[in-house]
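Trainee: For reference, the structure I am asking about is given below.
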Amino acid sequence: MEFSRRQTMQIAAAVGAAALSAPNIARAATPKLVVVGGGTGGASVAKYVAAAAKGAVDVTLVERNPLYMTCYFSNLYLGDHWDFDRLAHNYEAMKAVHGVNVVHAHAQSVGDGAVTLSDGSTLAYDRAVVAPGIDFKYELYEGFDEEIASTLVPHAYKSGNQLLLLKQQIMGMEDGGTVVIATPPNPYRCPPGPYERASMIAGWLSKHKPASKVLILDPKSKHSKQGLFTEAWNRLYPGMVEWVGGDFTGGALPVVDAKNRTVITADDEEFEADVLNFIPAQKAGQIAIDSGLTGDGDWASVDPMTLESTLVPGVHVLGDACANGDMPKSGFSANSQAKVCAQAVMAAMTGKKAFPPRFRNTCWSLVGDDYGIKVGANYKAGDGKIEKTDGFISQTNEDDATHAATAAEGFGWYEAMTSDIFG
Amino acid sequence: MAKIKPRVKVPKKADIGEIITIKTLISHPMESGQRKDKKTGETIPRNIVNSFTASFNGEPVFEAVVEPAVSANPYFEFQMRVPAAGEMAFKWIADDGEVYETSKKIKVG
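If you read the sequences in order, they're chains A and H. Start counting the first sequence at 1; every next residue gets the next number (the working numbering). Start counting the second sequence at 1001; every next residue gets the next number (the working numbering).
Next up, the structure:
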């Protein structure tokens, strides 16, 4: 069932005039859901709606790339704990098993009942989900931009080619060199990510270039799972990993001298690296900003019951691009939000009953061979935001068996998560 | 094992009589002497930073005796009234005999 562009605009106008009487239209024809972004959040919602609707909703997924490379587990590739190829997932099951119409195109904006693609064509929707992930706030830095990130100083924070570049640089570094990881200010994707990365790089260096060092430059005065990471570094890589926090950097890392692989802190102190991994400050993916979903802020404000935008009715935003309340920006969070969003979308489009939302997240970090740590929590839809109800975290002084079990859980989670989305 | 480098944060400039905040951090494992090597069962010998001193133009202004309960990477923060321009010297001494030192100049006016 296809609408012409004119019909679509009429429907969009009708939707506007009838104050979102989408279910009425839904009865007239198969309602259309368009999901923008085939990452963890977007692909999960497309699959879950398609699987639940069994043809009652026409689901289209718009994604630029033919393959999705997960950001989670990309650090494990740096530590030789995971193959690069195993980070990639395709949309074949999404199409063949679940009947999702996958369109490989670049979506530019969403609103007024249509998603506009970069070639000027449009896809009509009754409801849309926008899950573009993150973009970077290059404007905050002097001497750092996309071009530099893809050639000299990778951020490697979206998996893919920059991850390969970072590993090549580490492998090419002389023994005794220093890898500097410059971390972003809050909030950002995967709060323990930069510190897991430091652990994985230190693990690799300790085996191949043991005189080398990993220096973490942080604009923040404390970081995720700090006690657990510090304990692991001292035990596994004594003297190799050093963390320089916000009290000693002046709270910002405003200047990058890419040619000399040097970072200049807000305190005017220079840190020279042999390999520089600069992870900049972050904001919602550009399409969320261009479509007015973020208002004056960096992230899209959403109703915690449905993940529907508080600014643009009929458009849901989930995953890293939304203001997640108490939840961290993670793949697990995005998948959990997608399940809540899928229920809300089904309720709005088919009248199916939606249950009160429950969200869950766990972040496992691998810090060495058979050594994992984790932090997680449960959440509910609170007053205007997603609210934490209860949580758990690994303890210091855990024994080897617990560390090994946590590491194994993390590997199990990856397989389960990716088959939940792409299987 | 790479060399340990202590870090300090001291204002470059202050007024005479001004109270300034000084922050210091040293990356050190602070091995307590209580832990056993899991493979051999032998006690891992104690190696902590046991003393920290800060002095200004040779006069001691802050001193800490550190015990094994202090966790890795000890952080000290203290305040000082600036009497004149000069140099702040910092010294950490560890059980294994290693001495770590650094210094910072403070200008006035």
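Ideal Cβ placement from N, Cα and C applies to all residues, glycine included.
#1: Quick one: does Tyr1100 of chain H have its CB under 9 Å from some CB of chain A?
#2: For Pro66 of chain A, count the other beta carbons within 10 Å of its own beta carbon; 16 or more makes it buried, fewer makes it exposed. Which is it?
#3: Does the Cβ of Ser221 of chain A have 16 or more other Cβ atoms within 10 Å, making it buried, or fewer, making it exposed?
#4: Do the stretch 189-205 of chain A and the stretch 361-371 of chain A make contact, defined as three or more Cβ pairs closer than 8 Å?
#5: Is DSSP giving Pro194 of chain A helix, strand or coil here?
#6: In the stretch 245-270 of chain A, which residues sit with their C-beta less than 8 Å from some C-beta in chain H, listed in chain order?
#7: Shortest alpha-carbon distance to Lys374 of chain A belongs to which of A:Ser394, A:Ser330 and A:Gly319?
#8: Span of the alpha helix (DSSP H) holding Val345 of chain A?
#9: Thinking C-alpha only, which one of A:Cys190, A:Met240 and A:Leu215 is nearest Lys225 of chain A?
#10: Who are the near neighbours of Ala344 of chain A in its chain, counting only those whose CB is closer than 6 Å to its CB and skipping five residues on each side?
#11: Please look up how many angstroms separate the CB atoms of Val35 of chain A and Val59 of chain A, rounded, as I've assumed it's under 8 Å.
#12: State the CB to CB distance for the pair Tyr77 of chain A and Leu163 of chain A, rounded to an integer number of angstroms; the pair is presumed to be in contact (CB under 8 Å).
#13: Quick one, are the C-beta atoms of Asn260 of chain A and Trp299 of chain A less than 9 Å apart?
#14: Take the Cβ of Pro192 of chain A as the centre, count every other Cβ of all protein chains shown within 10 Å, and call the residue buried at 16 or more, exposed below.
#15: Please work out which residues of its chain come closer than 7 Å, Cβ to Cβ, to Pro154 of chain A, disregarding the five sequence neighbours upstream and downstream, and give them in chain order.
#16: Ordered along the chain, which non-local residues of its own chain (more than five positions away) have a Cβ less than 8 Å from that of Ser1071 of chain H?
#17: Cα separation between Gln169 of chain A and Ala156 of chain A?
#18: Look up Val942 of chain H in the DSSP assignment and say whether it is helix, strand or coil.
#19: Determine whether the Cβ of Glu409 of chain A lies closer than 9 Å to any Cβ atom of chain H.
#20: Report, in whole angstroms, the separation of the C-beta atoms of Ile431 of chain A and Ile148 of chain A, which I expect to be a contact under 8 Å.
#21: Starting from the beta carbon of Ala1072 of chain H, find every residue of chain A whose beta carbon is closer than 8 Å, and list them in chain order.
#22: List, in order along the chain, the chain A residues whose C-beta lies closer than 9 Å to that of Lys1038 of chain H?
#23: Which one of A:Tyr379, A:Gln282 and A:Ala52 has the shortest CA to CA distance from Tyr141 of chain A?
#24: If we ignore side chains and look at the alpha-carbon of each, how far apart do Leu311 of chain A and Ala56 of chain A end up?
#25: Are the C-beta of Gly314 of chain A and some C-beta of chain H separated by less than 9 Å?
#26: Rank A:Ala258, A:Thr151, A:Gly120 and A:Lys95 by C-alpha distance to the C-alpha of Gly143 of chain A and give the top, closest one.
#27: So, for Pro23 of chain A: in the same chain, excluding its five sequence neighbours on each side, which residues have a beta-carbon less than 8 Å away from its beta-carbon?
#28: Where does the unbroken alpha helix (DSSP H) through Tyr68 of chain A begin, and where does it stop?
#29: Counting only beta-carbon separations shorter than 9 Å, does Ala22 of chain A have a partner in chain H?
#30: Which whole runs of the beta strand (DSSP E) in the stretch 246-297 of chain A are 3 residues long or more, in chain order?
#31: In whole angstroms, give me the CA-to-CA distance for Lys213 of chain A and Val49 of chain A.
#32: List, in order along the chain, the chain A residues whose C-beta lies closer than 9 Å to that of Ile1004 of chain H?
#33: Quick one, which of A:Asp326, A:Ile289 and A:Phe332 has its alpha-carbon nearest Val317 of chain A's?
#34: According to DSSP, simplified to helix, strand and coil, what is Ala1084 of chain H?
Mentor: In short, the structure shows the following:
#1: The count along the second sequence starts at 1 and reaches residue 1100 of chain H at position 100. Closer than 9 Å: no.
#2: Position 66 of the first sequence, counting from 1, holds the residue named residue 66 of chain A. Per the 10 Å Cβ criterion, exposed.
#3: Along the first sequence, read from residue 1 onward, the residue named residue 221 of chain A stands at position 221. Label assigned to Ser221 of chain A: exposed.
#4: Yes: at least three Cβ pairs fall under 8 Å.
#5: Position 194 of the first sequence holds residue 194 of chain A. Reduced to three states, the DSSP call for Pro194 of chain A is helix.
#6: Residues Gly245, Asp247, Phe248 and Asp267.
#7: Position 374 of the first sequence, counted from the first residue, corresponds to residue 374 of chain A. Closest option to Lys374 of chain A, Cα to Cα, is A:Ser394.
#8: Counting from 1 along the first sequence, the entry for residue 345 of chain A is found at position 345. Per DSSP, Val345 of chain A belongs to the alpha helix (DSSP H) from Gly331 to Thr350.
#9: As a working note, residue 225 of chain A is residue 225 in the first sequence. Nearest to Lys225 of chain A by C-alpha distance, out of A:Cys190, A:Met240 and A:Leu215, is A:Cys190.
#10: Within the first sequence, numbered from 1, the residue matching residue 344 of chain A stands at position 344. Within the same chain, Cβ atoms closer than 6 Å to the Cβ of Ala344 of chain A are found at Thr306 and Ala354, the five residues on either side in sequence being excluded.
#11: Residue mapping note: residue 35 of chain A aligns to position 35 of the first sequence, counting from 1. Residue mapping note: residue 59 of chain A aligns to position 59 of the first sequence, counting from 1. Between Val59 of chain A and Val35 of chain A the Cβ distance is about 7 Å, and since that is below 8 Å, they are a contact.
#12: In the first sequence, the residue the question calls residue 77 of chain A occupies position 77. In the first sequence, the residue the question calls residue 163 of chain A occupies position 163. Tyr77 of chain A to Leu163 of chain A, Cβ: 6 Å. Contact.
#13: Here the question's residue 260 of chain A lines up with position 260 in the first sequence. Here the question's residue 299 of chain A lines up with position 299 in the first sequence. The criterion of a C-beta distance shorter than 9 Å is not satisfied by Asn260 of chain A and Trp299 of chain A.
#14: Within the first sequence, residue 192 of chain A is the residue found at index 192, counting from 1. Result: buried.
#15: As a position in the first sequence, residue 154 of chain A is number 154, starting the count at 1. Excluding sequence neighbours, Pro154 of chain A sits near Gln162, Leu165, Leu166 and Asn277.
#16: In the second sequence, counting from the first residue as 1, residue 1071 of chain H sits at position 71. For Ser1071 of chain H, same chain residues with a beta-carbon under 8 Å away, outside a window of 5 residues either side, are Met1030 in chain order.
#17: Within the first sequence, the letter at position 169 stands for residue 169 of chain A. Within the first sequence, the letter at position 156 stands for residue 156 of chain A. So the two alpha carbons sit approximately 12 Å from each other.
#18: There is simply no residue 942 of chain H to check, as chain H begins at 1001 and stops at 1109 in what is shown.
#19: Along the first sequence, one-based indexing puts residue 409 of chain A at 409. Contact of Glu409 of chain A with chain H is not assigned, every C-beta pair being separated by 9 Å or more.
#20: Shown here, chain A extends from 1 to 423; a query on residue 431 of chain A therefore has no answer.
#21: Numbered from 1 along the second sequence, position 72 holds the residue referred to as residue 1072 of chain H. Per Cβ cutoff of 8 Å: Thr230, Glu231 and Asn234.
#22: On the second sequence, residue 1038 of chain H is found 38 positions in, with the first residue counted as 1. Residues of chain A passing the Cβ test: Asp399 and Asp400.
#23: Within the first sequence, numbered from 1, the residue matching residue 141 of chain A stands at position 141. Tyr141 of chain A has its Cα closest to that of A:Gln282, out of A:Tyr379, A:Gln282 and A:Ala52.
#24: Counted from its first residue, the first sequence places residue 311 of chain A at position 311. Counted from its first residue, the first sequence places residue 56 of chain A at position 56. Whole-angstrom Cα-Cα distance: 27 Å.
#25: For the purposes of this step, residue 314 of chain A is taken as the residue at position 314 of the first sequence. It does not: the Cβ of Gly314 of chain A has no partner Cβ on chain H nearer than 9 Å.
#26: On the first sequence, residue 143 of chain A is found 143 positions in, with the first residue counted as 1. Answer by Cα proximity: A:Ala258.
#27: The count along the first sequence starts at 1 and reaches residue 23 of chain A at position 23. Since pLDDT at Pro23 of chain A reaches only 47, below the 50 mark, its modelled position is unreliable, and the value read off the structure follows with that caveat. Excluding sequence neighbours, Pro23 of chain A sits near Ala348, Met349, Thr350 and Gly351.
#28: Here residue 68 of chain A refers to the residue found at position 68 of the first sequence. No alpha helix (DSSP H) holds Tyr68 of chain A; the beta strand (DSSP E) holding it covers Leu67 to Met69.
#29: In the first sequence, the residue the question calls residue 22 of chain A occupies position 22. Interpretation of Ala22 of chain A is limited by its pLDDT of 46, a score under 50 that renders its predicted location unreliable; the figure taken from the coordinates is listed afterwards. No, no contact with chain H.
#30: 255-257, 262-264, 270-272, 275-278 and 282-284
#31: Counted from its first residue, the first sequence places residue 213 of chain A at position 213. Counted from its first residue, the first sequence places residue 49 of chain A at position 49. Cα-Cα distance, rounded: 48 Å.
#32: Residue numbering aside, residue 1004 of chain H sits at position 4 when the second sequence is read from its first letter. Here the neighbours are Gly239 and Glu242.
#33: The residue you call residue 317 of chain A lines up with position 317 of the first sequence. Of the listed residues, the one whose Cα sits closest to Val317 of chain A is A:Ile289.
#34: Position 84 of the second sequence, counting from 1, holds the residue named residue 1084 of chain H. Reduced to three states, the DSSP call for Ala1084 of chain H is coil.
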